[in-house]
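Single-structure report; data block below.
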Ligand SMILES: Cc1cc2nc3c(=O)[nH]c(=O)nc-3n(C[C@H](O)[C@H](O)[C@H](O)COP(=O)(O)OP(=O)(O)OC[C@H]3O[C@@H](n4cnc5c(N)ncnc54)[C@H](O)[C@@H]3O)c2cc1C
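Put into structure tokens, the structure is as follows:
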């Protein structure tokens with residue numbers, strides 16, 4: 001039987017962080033990955049990670065200290081997060097940027113990627129040459145003696161006399177045992193498991209659009225419970241913006257409609273009411289939170305006057321995703337949207353794809369949206385009054401966006417669904433990412449990291465850029481170091 005000191009389950013951001021740290025600390029490590037490729041959401045999704053007091057921040061005179069970061073996070077969660085863990089993550093964050101560079105995954109400190117964060121000190125370290133960088137990190141893991149096994153699913157932790165002795169793995173439909181003294185659960189949460197989502201979600205699962213790792217099906221959290229751990233402690237969804245959703249074709253995408261979704265037009269919820277200050281569109285976490293909190297989807301409304309205008313002219317508004325994409329392409333910002341010469345046929349396509357409705361009256365539109373007609377009529381009329389005064393006395397949207405009424409038929413309502421990047425939390429752990437039981441006693445040799453671990457976030461994740469991925473890499477790295485000490489004892 002093959003013997004390892006540590007088995008890491010899941011080769012995404014947190015798993016690679018854990019495996020590399022443990023292997024470089026002298027442990028014999030197996031990194032097991034369910035899929036054919038390693039990386040998880042940490043590779044196909046995330047573009048970078050947060051740090052405080054990094055070498056790059058110091059060189060750029062960015063004045064954002066570990067204390068600043070700690071206080072920002074702990075205040076955001078009203079001190080309901082684990083203070084020792086929060087301190088451990090932010091303290092480790094700077095050296096992790098250097099460590100990743102040493103191991104082949106370099107980053108550059110960039111302007112914050114969201115428009116609304118331009119005045120926040122820069123924290124986002126964007127990957128340079130990400131895909132090759134991940135390969136170089138993996139080569140360094142192997143150079144340190146680590147073994148990567150892909151298409152290998154871990155199903156069970158085996159323990160004897162309260163100690164981990166192995167894991168049961170499935171490869172090519174064959175079940176076998178790998179002997180190990182410690183297990184790090186790094187399989188990315190449960191966003192790929194519809195049943196688990198339904199258990200933890202506050203909205204209809206059909207209204208949730210997931211951009212997360214489909215292979216993250218909650219296996220680690222299940223195994224955690226099987227060894228006496230807690231797996232339902234503060235499970236949160238990484239609410240992130242909203243996505244136009246075609247009921248007939250989930251893969252449907254139209255650039256114009258996507259851009260229109262990223263603007264603060266009039267938004268209407270399931271009750272037929274306006275529900276928020278729409279300029280939250282400029283903060284992806286808050287935009288996601290408000291959609292989630294208001295039932296899971298909304299419609300944004302356009303009238304024919306705006307559609308006609310946008311055929312030939314542009315709005316001096318910024319698409320909320322413009323900075324993200326421009327930054328990745330190294331292009332300057334335009335702070336403009338449109339013109340969209342084909343907007344009418346784009347909207348027609350959205351109607352055909354069942355992502356939007358078109359109607360000649362607000363009453364007819366309400367009927368199609370399945371909301372009370374009178375309520376919608378009142379809300380649209382009231383919004384038009386606020387626009388006439390350029391003053392949103394309801395939710396205080398910036399007056400520069402209070403310029404577009406909804407008056408001229410036909411009218412369009414485009415649906416945007418609550419969107420998540422994944423789940424975080426469930427696993428109760430301490431600041432070393434050791435699993436705890438209900439009495440908060442350590443379960444020896446069992447660790448949970450990344451999206452499996454609770455502790456730093458509360459009901460949603462703070463708006464600091466790159467924090468989610470930084471939590472994954474740093475929690476993995478800390479667990480890898482601690483586990484390698486544990487197996488030496
Ligand atoms: C589209 C997108 C964009 C994002 N952008 C950012 C960003 O810019 N900044 C930021 O901070 N965060 C971002 N995130 C979030 C970030 O990617 C996550 O915080 C991070 O990847 C979580 O790391 P993880 O190791 O927990 O999970 P993952 O990186 O997803 O890794 C989990 C791995 O475990 C494997 N696995 C699952 N089950 C098993 C099993 N039973 N056995 C073996 N292997 C298994 C999976 O296949 C996967 O490879 C983004 C996420 C997405 C989806």
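Residue numbers (the numbering used here): 1 to 489. Note that beta-carbon positions come from the ideal geometry of N, C-alpha and C, so glycine has one too.
Q: Note down, in chain order, each residue of its chain lying with its Cβ closer than 7 Å to the Cβ of residue 250, except the 5 sequence neighbours on either side.
A: Position 250 of the chain shown, counted from the start, is the residue given in the question as residue 250. Taken in chain order, the list of residues that qualify is empty.
Q | For residue 207, three-class secondary structure by DSSP | A | Here residue 207 refers to the residue found at position 207 of the chain shown. DSSP places residue 207 in the helix class (H, G or I) of the three-state scheme.
Q. Using the C-alpha atoms, what's the distance from residue 31 back to residue 409?
A. The residue you call residue 409 lines up with position 409 of the chain shown. The residue you call residue 31 lines up with position 31 of the chain shown. The alpha-carbon separation between residue 409 and residue 31 amounts to approximately 59 Å.
**Q.** 8 Å CB neighbourhood of residue 332 in its chain, flanking five on each side removed
**A.** Taking the first residue of the chain shown as 1, we reach residue 332 at position 332. If we look at residue 332 and ignore the five residues flanking it on each side, its Cβ neighbours are 326.
(Q) Since residue 183 and residue 164 should fall inside the 8 Å C-beta cutoff, what is the C-beta to C-beta distance between them, to a whole number of angstroms? (A) Within the chain shown, residue 183 is the residue found at index 183, counting from 1. Within the chain shown, residue 164 is the residue found at index 164, counting from 1. Contact between residue 183 and residue 164 holds: their C-beta atoms lie close to 6 Å from each other, under 8 Å.
Q) In terms of DSSP beta bridges, what is residue 303 paired with? A) If you number the chain shown from 1, residue 303 lands on position 303. Per the DSSP secondary-structure output, residue 303 pairs in a beta bridge with 411.
Q) Between which two residues does the alpha helix (DSSP H) harbouring residue 132 extend? A) Translated into positions along the chain shown, residue 132 becomes position 132. Residue 132 -> alpha helix (DSSP H) spans 130-143.
**Q.** Residues that DSSP places opposite residue 274 in a beta bridge
**A.** Reading the chain shown from its first residue, position 274 is the one you call residue 274. Residue 274 is bridged to 268.
Q. Measuring from the CB of residue 19, is there a heavy atom of ligand 1 at a distance below 7 Å?
A. Taking the chain shown and counting its residues from 1, one reaches residue 19 at position 19. No, Cβ of residue 19 sits at least 7 Å from all heavy atoms of ligand 1.
**Q.** Cutoff 6 Å; reference residue 69; Cβ partners in own chain excluding five residues on either side
**A.** On the chain shown, position 69 is the one that residue 69 refers to. 52, 90, listed in sequence order.
Q: Look up residue 311 in the DSSP assignment and say whether it is helix, strand or coil.
A: Numbered from its first residue, the chain shown carries residue 311 at position 311. Helix.
Q.
Can you tell me whether residue 385 is helix, strand or coil according to DSSP?
A. Residue 385 sits at position 385 when you count from the first residue of the chain shown. Residue state, collapsed to three classes: helix.
Q: Quick one: using the 10 Å Cβ neighbour count with 16 as the cut-off for buried, is residue 118 buried or exposed?
A: Counted from its first residue, the chain shown places residue 118 at position 118. With a 10 Å radius around the Cβ and a threshold of 16 neighbouring Cβ atoms, residue 118 comes out exposed.
**Q.** Contacting residues, own chain, Cβ-Cβ under 8 Å from residue 477 (five flanking each side not counted)
**A.** What you label residue 477 is simply residue 477 of the chain shown in a count that begins at 1. Once the five neighbours on either side are set aside, the close Cβ partners of residue 477 are 17, 18, 20, 21, 92, 96, 99.
Q.
Taking 8 Å as the threshold (C-beta atoms), are residue 425 and residue 235 in contact?
A. Here residue 235 is taken as the residue at index 235 of the chain shown, counted from 1. Here residue 425 is taken as the residue at index 425 of the chain shown, counted from 1. Against a cut-off of 8 Å, the Cβ pair of residue 425 and residue 235 comes out as a contact.
Q.
Is residue 510 near ligand 1 - that is, is its Cβ less than 7 Å away from at least one heavy atom of it?
A. There is no way to answer for residue 510, as the model of the chain reaches only from 1 to 489.
Q.
Following a CB-centred definition, is residue 341 positioned closer than 7 Å to any heavy atom of ligand 1?
A. Residue mapping note: residue 341 aligns to position 341 of the chain shown, counting from 1. Answer for residue 341: no, Cβ out of range of ligand 1.
Q) Is the Cβ-Cβ distance between residue 190 and residue 149 less than 8 Å? A) Counted from its first residue, the chain shown places residue 190 at position 190. Counted from its first residue, the chain shown places residue 149 at position 149. The answer is no: Cβ separation not under 8 Å.
Q.
Taking the alpha-carbon of residue 231 as reference, which of 423, 470, 347 has the nearest alpha-carbon?
A. Against the chain shown, residue 231 aligns to sequence position 231. Measuring C-alpha to C-alpha distances from residue 231 to each of 423, 470, 347 identifies 423 as the nearest.
Q: Decide if the region 441-460 is in contact with the region 76-88; the criterion is three or more beta carbon pairs, one per stretch, under 8 Å apart.
A: The region 441-460 is in contact with the region 76-88.
(Q) If I measure Cβ to Cβ from residue 487 and keep anything under 7 Å in the same chain, skipping five residues before and after, which residues do I get? (A) For this step, residue 487 is matched to residue 487 along the chain shown. Answer for residue 487: 5, 6, 27, 181, 182, listed in chain order.
**Q.** Unbroken alpha helix (DSSP H) run spanning residue 293, endpoints
**A.** Counted from its first residue, the chain shown places residue 293 at position 293. Start and end: 284-293.
(Q) Let's see if you can read the secondary structure: which residues bound the alpha helix (DSSP H) around residue 75? (A) Residue 75 sits at position 75 when you count from the first residue of the chain shown. Where residue 75 is concerned, the enclosing alpha helix (DSSP H) stretches over 66-76.
Q) Can you list the alpha helix (DSSP H) stretches of 4 or more residues lying completely in the region 35-63, in chain order? A) As far as the region 35-63 is concerned, its whole alpha helix (DSSP H) runs of at least 4 residues are 40-44, 55-59.
(Q) Does the beta-carbon of residue 38, which I'm using as the reference point, lie nearer than 7 Å to any heavy atom of ligand 1? (A) Taking the first residue of the chain shown as position 1, residue 38 is located at position 38. Taken from the Cβ of residue 38, at least one heavy atom of ligand 1 lies inside 7 Å.
Q | Environment of residue 443 [buried if 16+ CB atoms lie within 10 Å] | A | As a working mapping, residue 443 is identified with position 443 in the chain shown. Counting Cβ neighbours within 10 Å, residue 443 comes out buried, since at least 16 surround it.
Q) What residue does the alpha helix (DSSP H) around residue 217 start on, and which one ends it? A) Counting from one through the chain shown, the residue named residue 217 turns up at place 217. Per DSSP, residue 217 belongs to no alpha helix (DSSP H) and is neither H nor E.
Q) Under 8 Å between the Cβ atoms of residue 12 and residue 186? A) On the chain shown, position 12 is the one that residue 12 refers to. On the chain shown, position 186 is the one that residue 186 refers to. Cβ atoms of residue 12 and residue 186: closer than 8 Å.
**Q.** Residue environment, residue 417, which counts as buried when at least 16 other CB atoms sit within 10 Å
**A.** Residue numbering aside, residue 417 sits at position 417 when the chain shown is read from its first letter. Flag for residue 417 reads buried.
Q: Look at the Cβ atom of residue 128, then the Cβ atom of residue 158, and state whether they are nearer than 8 Å.
A: Taking the chain shown and counting its residues from 1, one reaches residue 128 at position 128. Taking the chain shown and counting its residues from 1, one reaches residue 158 at position 158. Cβ atoms of residue 128 and residue 158: not closer than 8 Å.
Q: Could you please give the first and the last residue of the uninterrupted beta strand (DSSP E) stretch that includes residue 485?
A: Taking the first residue of the chain shown as 1, we reach residue 485 at position 485. Per DSSP, residue 485 belongs to no beta strand (DSSP E); it is in the alpha helix (DSSP H), 467-488.
Q.
Less than 7 Å separating the Cβ of residue 33 from some heavy atom of ligand 1?
A. The residue labelled residue 33 in the question sits at position 33 within the chain shown. It does: the Cβ of residue 33 is within 7 Å (strictly closer) of some heavy atom of ligand 1.
Q) Does any heavy atom of ligand 1 sit closer than 7 Å to the C-beta of residue 22? A) For the purposes of this step, residue 22 is taken as residue 22 along the chain shown, with counting starting at 1. Exclusion of residue 22 from the 7 Å shell around ligand 1 follows from its C-beta lying no nearer than that to any non-hydrogen atom of the ligand.
Q: Go ahead and label residue 440 buried or exposed: buried means 16 or more other beta carbons lie within 10 angstroms of its beta carbon, across all protein chains shown.
A: If you number the chain shown from 1, residue 440 lands on position 440. So residue 440 counts as exposed.
Q | Assigned secondary structure, residue 117 (DSSP; H/G/I helix, E/B strand, else coil) | A | Position 117 of the chain shown, counted from the start, is the residue given in the question as residue 117. Here residue 117 sits in helix by DSSP.
Q: Kindly indicate which three-state DSSP category residue 122 falls into: helix, strand or coil?
A: In the chain shown, residue 122 corresponds to position 122, counting from 1. The answer is coil: DSSP assigns residue 122 none of H, G, I, E or B.
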